[in-house]
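Keeping their order, the protein sequence lines are chains W and Y.
Just so you know, numbering that gives the first Met the number 0 puts 218 at position 219 of the first sequence, and the rest follows in order with no gaps.
Just so you know, numbering that gives the first Met the number 0 puts 223 at position 224 of the second sequence, and the rest follows in order with no gaps.
2 protein chains.
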Amino acid sequence: MHLFYQPGEFTPGVALPDAVLHLTEDDSRHAMKTLRLKPGDSIAVTDGRGNRHSAIITPSTGKLTTFRITNTRTTPPRPFSIRICVAPTKSLDRIEWFVEKAVEIGVERVSFFFGKHSERRVLKLERIEKIAVAAMKQSLQSWLPQFDDAVPFSELLQTISEPQRFVAHLPDSEPPVNLSKSATPGGSYVVLIGPEGDFSDNELQQATDAGFRMATLGPNRLRTETAALTACQVLNFINF
Amino acid sequence: MHLFYQPGEFTPGVALPDAVLHLTEDDSRHAMKTLRLKPGDSIAVTDGRGNRHSAIITPSTGKLTTFRITNTRTTPPRPFSIRICVAPTKSLDRIEWFVEKAVEIGVERVSFFFGKHSERRVLKLERIEKIAVAAMKQSLQSWLPQFDDAVPFSELLQTISEPQRFVAHLPDSEPPVNLSKSATPGGSYVVLIGPEGDFSDNELQQATDAGFRMATLGPNRLRTETAALTACQVLNFINF
Numbered sequence: 000m001h002l003f004y005q006p007g008e009f010t011p012g013v014a015l016p017d018a019v020l021h022l023t024e025d026d027s028r029h030a031m032k033t034l035r036l037k038p039g040d041s042i043a044v045t046d047g048r049g050n051r052h053s054a055i056i057t058p059s060t061g062k063l064t065t066f067r068i069t070n071t072r073t074t075p076p077r078p079f080s081i082r083i084c085v086a087p088t089k090s091l092d093r094i095e096w097f098v099e100k101a102v103e104i105g106v107e108r109v110s111f112f113f114g115k116h117s118e119r120r121v122l123k124l125e126r127i128e129k130i131a132v133a134a135m136k137q138s139l140q141s142w143l144p145q146f147d148d149a150v151p152f153s154e155l156l157q158t159i160s161e162p163q164r165f166v167a168h169l170p171d172s173e174p175p176v177n178l179s180k181s182a183t184p185g186g187s188y189v190v191l192i193g194p195e196g197d198f199s200d201n202e203l204q205q206a207t208d209a210g211f212r213m214a215t216l217g218p219n220r221l222r223t224e225t226a227a228l229t230a231c232q233v234l235n236f237i238n239f
Numbered sequence: 000m001h002l003f004y005q006p007g008e009f010t011p012g013v014a015l016p017d018a019v020l021h022l023t024e025d026d027s028r029h030a031m032k033t034l035r036l037k038p039g040d041s042i043a044v045t046d047g048r049g050n051r052h053s054a055i056i057t058p059s060t061g062k063l064t065t066f067r068i069t070n071t072r073t074t075p076p077r078p079f080s081i082r083i084c085v086a087p088t089k090s091l092d093r094i095e096w097f098v099e100k101a102v103e104i105g106v107e108r109v110s111f112f113f114g115k116h117s118e119r120r121v122l123k124l125e126r127i128e129k130i131a132v133a134a135m136k137q138s139l140q141s142w143l144p145q146f147d148d149a150v151p152f153s154e155l156l157q158t159i160s161e162p163q164r165f166v167a168h169l170p171d172s173e174p175p176v177n178l179s180k181s182a183t184p185g186g187s188y189v190v191l192i193g194p195e196g197d198f199s200d201n202e203l204q205q206a207t208d209a210g211f212r213m214a215t216l217g218p219n220r221l222r223t224e225t226a227a228l229t230a231c232q233v234l235n236f237i238n239f
């Protein structure tokens with residue numbers, strides 16, 4: 000069964016039996032040209048907001064694939080939420096890879112930021128979202144995470160509302176605490192992952208002032224994107 | 000401090016103060032052309048078998064960078080060991096990405112195999128090892144994992160000696176057990192990760208006969224390389 004993504008046409012949480020809808024332009028092309036689906040074929044369509052519709056392709060003369068919904072299954076949000084705030088890597092490949100893997104494994108929100116030692120301050124959010132949609136479909140999920148465009152570190156800190164706050168950094172004085180031991184199950188988490196050049200002392204101070212606790216992700220020195228994914232994995236594991 | 004890899008010149012576990020040695024051709028070029036290191040500069044050199052030498056570059060007229068060891072620190076093997084057996088993905092990028100990340104996070108051995116539903120049966124082990132060496136240096140480790148070239152599944156099963164054996168697969172009948180709950184800390188683990196086309200029934204039977212237990216890696220459907228990395232992450236986490 001092929002899973003498509005149509006964000007625009009559905010009201011969250013409301014099932015629309017017998018409504019006639021259409022796939023996006025990209026998905027229509029994929030459905031007709033690549034998969035050669037025909038009227039009467041069954042598909043699944045998610046809105047990325049928890050609804051997954053079973054549907055049947057209906058006859059259509061236009062370029063868009065139309066379908067009729069036969070059944071809707073709504074998945075509630077997970078009983079915990081993971082937000083990763085990460086500085087884009089110099090090579091965009093690496094951050095894109097992180098996005099694909101984090102979505103597969105499970106993440107609610109990814110916020111990009113740049114800090115004093117960031118070499119890269121911009122990224123293509125549209126491309127990031129495209130990768131995320133593909134990963135959501137691939138892993139058969141019904142929720143698309145939220146992605147926030149890169150902002151300066153101090154501006155990022157203004158957007159934090161999650162109670163369980165961690166910054167991936169080895170503390171200078173106190174003994175290091177592993178994220179898997181510090182975070183408690185069922186929470187709303189946010190983890191800050193610094194750029195390749197690491198956080199500045201001032202940024203670490205700002206984070207501490209905002210209630211972030213320093214935590215390590217294991218004994219090895221990890222690249223930015225590996226650290227971001229590992230934080231995501233740890234927080235998923237303690238909840239399963 | 001730059002970390003280099005010289006596998007050939009050291010006796011495992013034996014410190015060689017005052018011995019004069021040289022870097023590999025690749026590392027010599029990197030040291031002289033890119034990093035512009037000079038005689039008298041300090042470097043670190045690992046043999047990938049637990050020894051990390053502090054060294055000083057010595058004058059040399061040839062193409063190879065020579066050095067003198069001033070101090071050796073030996074890291075014992077970890078008190079647990081992780082072996083991931085994985086079918087190469089259709090796109091080699093994906094398996095290479097897995098290798099880089101697994102080495103960063105920590106893995107003892109990676110064995111490749113092909114099964115009935117494998118689309119790819121060969122890979123370039125030399126390239127895999129090169130990526131692993133780079134990841135070992137990047138994450139400042141002193142142990143290089145072992146990599147085994149792709150063999151048929153039944154041949155792979157002959158090489159299994161680890162007592163804690165898992166196959167990443169959802170059982171048909173019994174309730175699924177999560178790898179993080181099945182594996183116990185401090186063990187010698189081996190996990191089988193199937194190809195994109197999954198294991199055949201016959202292969203699953205062979206694995207079960209060889210003492211493998213089915214285990215899941217979480218609620219989502221994961222790509223081959225994501226499953227392989229997640230297994231590696233889980234087994235590291237339960238040991239920290």
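Ideal Cβ placement from N, Cα and C applies to all residues, glycine included.
Secondary structure note for valine 150 (chain Y): its beta strand (DSSP E) is the uninterrupted segment 145 to 151. Annotated as distal: alanine 214 (chain Y) and serine 187 (chain Y), with beta-carbon spacing of 9 Å or more. Chain Y places no beta carbon closer than 9 Å to that of asparagine 70 (chain W), leaving this residue out of the contacts. When 7 Å is used as the limit between beta carbons, lysine 100 (chain W) is near these residues of chain Y: Thr225, in chain order.
Under the 9 Å criterion on CB atoms, serine 141 (chain Y) is classed as non-interfacial with respect to chain W. Here leucine 191 (chain W) is buried, its C-beta having at least 16 other C-beta atoms within 10 Å. By the criterion of a C-beta distance shorter than 7 Å, cysteine 231 (chain W) is surrounded in its chain by Ile81, Ile83, Ala101, Ile104 and Val106, once the five residues flanking it on both sides are discounted.
In terms of CA proximity to arginine 164 (chain W), W:Thr207 leads the group W:Leu2, W:Thr207 and W:Pro144.
Nearest CB-CB separation between leucine 221 (chain W) and chain Y: below the 9 Å threshold. By the Cβ neighbour-count rule, alanine 54 (chain W) is buried, with 16 or more other Cβ atoms within 10 Å of its own. The DSSP-derived three-state label of histidine 21 (chain W) is strand. Look at isoleucine 237 (chain Y) here: in three-state DSSP terms it is coil, with no helix or strand label.
In this chain, the alpha helix (DSSP H) harbouring valine 102 (chain W) covers 91 to 104. At a cut-off of 9 Å between C-beta atoms, phenylalanine 66 (chain Y) does not count as an interface residue with respect to chain W. Phenylalanine 236 (chain W) reaches chain Y at Ser179, Val233 and Phe236, counting residues in chain order whose Cβ is nearer than 7 Å. Within the stretch 94 to 118 of chain Y, the residues whose Cβ lies closer than 7 Å to any Cβ of chain W are, in chain order, Trp96, Lys100, Glu103, Ile104 and Gly105. For threonine 73 (chain Y), not one C-beta of chain W is nearer than 9 Å to its own C-beta. Counting C-beta atoms within 10 angstroms of its own C-beta, aspartate 26 (chain W) has 16 or more neighbours from the protein chains shown and is therefore classed as buried. Not one beta carbon of chain W lies nearer than 9 Å to the beta carbon of threonine 45 (chain Y). Contact between the stretch 139 to 157 of chain W and the stretch 108 to 127 of chain W is present, with at least three C-beta pairs closer than 8 Å.
Beta-bridge annotation (DSSP): serine 80 (chain Y) is paired with Y:Ser187. Taking the C-beta atoms as reference points, threonine 88 (chain W) is found no nearer than 9 Å to arginine 48 (chain W). Contact check for isoleucine 42 (chain Y) and phenylalanine 3 (chain Y): beta-carbon distance about 6 Å, within the 8 Å limit, so the pair qualifies. DSSP places serine 179 (chain Y) inside the alpha helix (DSSP H), whose first and last residues are 178 to 181.
Chain-order list of chain W residues neighbouring glutamine 145 (chain Y): empty, with the shortest C-beta distance near 18 Å, by a criterion of under 9 Å. Assigned with DSSP and collapsed to three states, threonine 215 (chain Y) falls in strand. For phenylalanine 239 (chain W), the nearest beta carbon of chain Y is closer than 9 Å to its own beta carbon. Within the stretch 21 to 58 of chain Y, the complete beta strand (DSSP E) segments of 3 residues or longer fall at 41 to 45 and 50 to 57, listed in chain order.
Its chain contains Leu2 as the residues whose beta carbon lies nearer than 8 Å to that of leucine 139 (chain Y), once the 5 sequence neighbours on both sides are disregarded; these appear in chain order. Judged by DSSP in its simplified three-state form, isoleucine 130 (chain W) adopts helix. Taken atom to atom, the span from the alpha-carbon of valine 233 (chain W) to that of leucine 178 (chain W) is near 7 Å.
Excluding sequence positions up to five before and after phenylalanine 66 (chain Y), its CB lies within less than 8 Å of the CB of Val19, Leu20, His21, Leu22, Ile42, Val44, Ala54, Ile55, Ile56 and Thr57, all in the same chain and listed in chain order. By the 16-neighbour rule on beta-carbons within 10 angstroms, arginine 126 (chain W) is exposed. With a threshold of 9 Å between beta carbons, glutamine 205 (chain Y) makes no contact with chain W.
Rounded to the nearest angstrom, the Cβ distance from threonine 229 (chain Y) to proline 194 (chain Y) is 16 Å, too far for a contact under 8 Å.
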